[in-house]
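K.L.:
Take a look at the following structure, please.
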Amino acid sequence: MSFHQSAHPHAGRRVTVASGFFAGTTPKVVDWYDRVTGRPWSASGVEDARTHRFAFRAAYERLPLDQEVVLVYFHRGEGALLHATELGEPAHALASIGGR
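First residue of the sequence shown: 309, per my numbering; consecutive thereafter.
What follows is the structure, given as structure tokens:
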């Protein structure tokens with residue numbers, strides 16, 4: 309069950325994370341988590357460790373516990389979940405060159 313009918317506005321682009329643990333990093337936004345997996349992050353169970361890490365981080369950083377969660381990948385290929393409120397503007401076009 310997908311909550312989001314259309315792709316995240318920054319899907320396929322690198323963004324600068326504006327706040328939280330990952331602030332200042334420039335991951336690539338894949339899409340809303342529920343669109344990628346077909347289910348909400350909160351119902352993913354033990355199959356996806358990223359959801360557990362996000363839940364702990366969300367509690368610690370007092371992030372909203374709704375479905376406005378995106379899947380991102382960092383330069384080294386590590387995937388993570390970020391709440392939409394943590395995302396900033398798209399990163400400068402040259403920012404992705406340094407991370408290759």
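Note that beta-carbon positions come from the ideal geometry of N, C-alpha and C, so glycine has one too.
Please name the residue in GLN313, ALA315, SER314 and VAL337 whose C-alpha comes closest to that of ALA399.
P.N.:
Here the closest residue by C-alpha is VAL337.
K.L.:
May I ask you to report which of helix, strand or coil DSSP gives ARG343?
P.N.:
The answer is helix: DSSP assigns ARG343 an H, G or I state.
K.L.:
Restricting to Cα atoms, I'd like to know which of ALA315, HIS318, THR334 and ALA326 is closest to GLU386.
P.N.:
Nearest C-alpha to GLU386: THR334.
K.L.:
Might you give, ordered along the chain, the residues of its own chain that have their beta carbon closer than 7 Å to the beta carbon of TYR381, omitting 5 neighbours on each side?
P.N.:
Here the set comprises PRO335, LYS336, VAL338 and GLY387.
K.L.:
When you compare each of SER350, GLY332 and ALA331 to TRP340 by their alpha carbons, which one comes out closest?
P.N.:
Answer by Cα proximity: SER350.
K.L.:
For LEU390, list the residues DSSP reports as bridge partners.
P.N.:
DSSP output for LEU390 lists VAL378 as bridge partner(s).
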